[in-house]
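Undergrad:
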Amino acid sequence: MRLQGKVALITGGGNGIGRETAALFIKEGAKVCVADYDETAGQAAVDELNATAGDRAIFVKVDVSSAESVERMIAVVLEHWGTPDILINNAGITQDSMLTKMSIEQWQRVIDVNLNGVFYCTRYLAPHMVQRGKGKIINTSSIVGVHGNIGQTNYAATKAGVIGMTKTWAKELGHKGIHVNAVAPGYIETSMVANVPEKVLQQMLDKVPLHRLGRPSDIAQAYLYLASDESDYVNGTVLEVNGGLVI
Ligand code: CAA
Ligand code: NAI
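Here it is in structure tokens:
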């Protein structure tokens, strides 16, 4: 088992990629904190995991866009299991619109969740990891953060920002035993792509050399690699998992 005895904090762990990751990490021997804004999904995920895994999963409600809420989440995890070995900054949202129609609210909310949320979670947890002298931080970017995308000014800004923070933290924290990397998924079959117009989605699919959308498990496996000891010389990288898609 690749994560035996490790503790992982997964934001957005109640649905989609985060939920699949929680299940994979439990299978690999970890204890998992599922942290999510969606209480119903998060608690259901944890109940399902604990039905087979003893009590190796807990749910903590968090709004990552609130510094206070994130501080409370970290306090709960520390009290329950001590300093996590792994932080997956996976929570994220979209509010797509063409630039000329994008409202200030759409811009601000996506920045608050996808960019500020990653900053808050890492800002409050990293000092504890530094104190222990080890930790793995994995940030979720996107193919959209690397190449940009029509209708996603707000989202692209956050996911490019996540890459900037990843590379900065890899430099700041590497010599303190903390590895910081990012995963940049392509189009993955979760509720996030459900609202993409059929025509646009088909155009994307046509450009994927592997001829399929990604599955949540494709990303969970990438997170697992970066969370495990097998990636101990990997730091400051952006792992693109997109079937070869270029947008
Ligand atoms: N590629 C090519 N053409 C695109 C496009 C794209 N990604 N997105 C929109 N267009 C085209 C449309 O086909 C349309 O073309 P025509 O005028 O020739 O019909 C034109 O741009 C205008 O689009 P809409 O008529 O749809 O304009 P709208 O204002 O009603 O909607 C929109 C705009 C909300 C951005 C909508 O087009 C949309 O939802 N696009 C999809 C955006 C997208 O790809 N989001 C990804 C979500 S998943 C995710 O974000 C996860 C991740 O990290 C990958
Ligand atoms: P999803 O919508 O299935 O899951 C996202 C989870 O984040 C949900 O459980 C949601 O409740 C939670 N969340 C949203 N706002 C929150 C907040 N303020 N505080 C706490 N939790 C919050 O989406 P999916 O696809 O699993 O996305 C996971 C991550 O992967 C996101 O960061 C997304 O941007 C990224 N991503 C997804 C891709 C895709 O095609 N599905 C592609 C590239 C990146």
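Following this note's numbering, the numbering of the sequence shown begins with 59 at its first residue and continues without gaps.
Glycine included, C-beta positions come from ideal geometry on N, C-alpha and C.
What you are looking at is a predicted structure, and each value in this text was computed from that prediction instead of being measured.
The beta strand (DSSP E) with Leu259 in it runs from where to where?
TA: Here Leu259 belongs to no beta strand (DSSP E); instead the alpha helix (DSSP H) covers 256-264.
Undergrad: Am I right that Thr180 and Ile195 are in contact with their C-beta atoms under 8 Å? What's the rounded C-beta distance?
TA: 6 Å
Undergrad: Out of Thr198, Asp105, Gly175, which one is the CA nearest neighbour of Ile75?
TA: Thr198
Undergrad: Is Gly72 a contact residue of the ligand NAI, with contact defined as CB to any heavy atom under 6 Å?
TA: yes
Undergrad: Near Met160, which residues of its chain fall below 7 Å by C-beta distance, leaving aside the five closest residues on each side in sequence?
TA: So the list reads Thr211, Asn212, once near-sequence residues are dropped.
Undergrad: Please give me, in chain order, every unbroken run of the alpha helix (DSSP H) with length at least 4 that falls completely inside the stretch 96-145.
TA: 97-111, 125-139
Undergrad: Using CA coordinates, which residue listed in Thr295, Gln279, Leu268, Ser275 is at the minimum distance from Leu303?
TA: Leu268
Undergrad: Report yes if the C-beta of Thr211 is less than 6 Å from at least one heavy atom of the ligand NAI; otherwise report no.
TA: no
Undergrad: Three Cβ pairs or more, each shorter than 8 Å: is that satisfied between the stretch 170-184 and the stretch 116-124?
TA: yes
Undergrad: Leu82 by DSSP, collapsed to three states: which one?
TA: helix
Undergrad: Could you name the residues of the same chain whose beta carbon sits closer than 6 Å to that of Ile132, not counting the 5 residues immediately before and after it, in chain order?
TA: So the qualifying residues of the chain are Tyr182, Leu183.
Undergrad: Would you identify the three-state DSSP class for Lys192, choosing helix, strand or coil?
TA: coil
Undergrad: Do you know offhand how far Ala228's Cα is from Gly301's?
TA: 26 Å
Undergrad: The alpha helix (DSSP H) spanning Pro274 covers which residue range?
TA: 274-285
Undergrad: Please determine whether the Cβ atom of Pro267 lies at a distance below 6 Å from any heavy atom of the ligand NAI.
TA: no
Undergrad: Rounded to the nearest angstrom, how far is the Cβ of Glu298 from that of Ile201, given a contact under 8 Å?
TA: 7 Å
Undergrad: Got a sec? Which residues, its chain only, sit under 7 Å from Gly63 by beta carbon, not counting five neighbours each side?
TA: Gly87
Undergrad: Which whole-angstrom value is the C-beta distance of Ala80 and Leu107, which I expect to be below 8 Å?
TA: 6 Å
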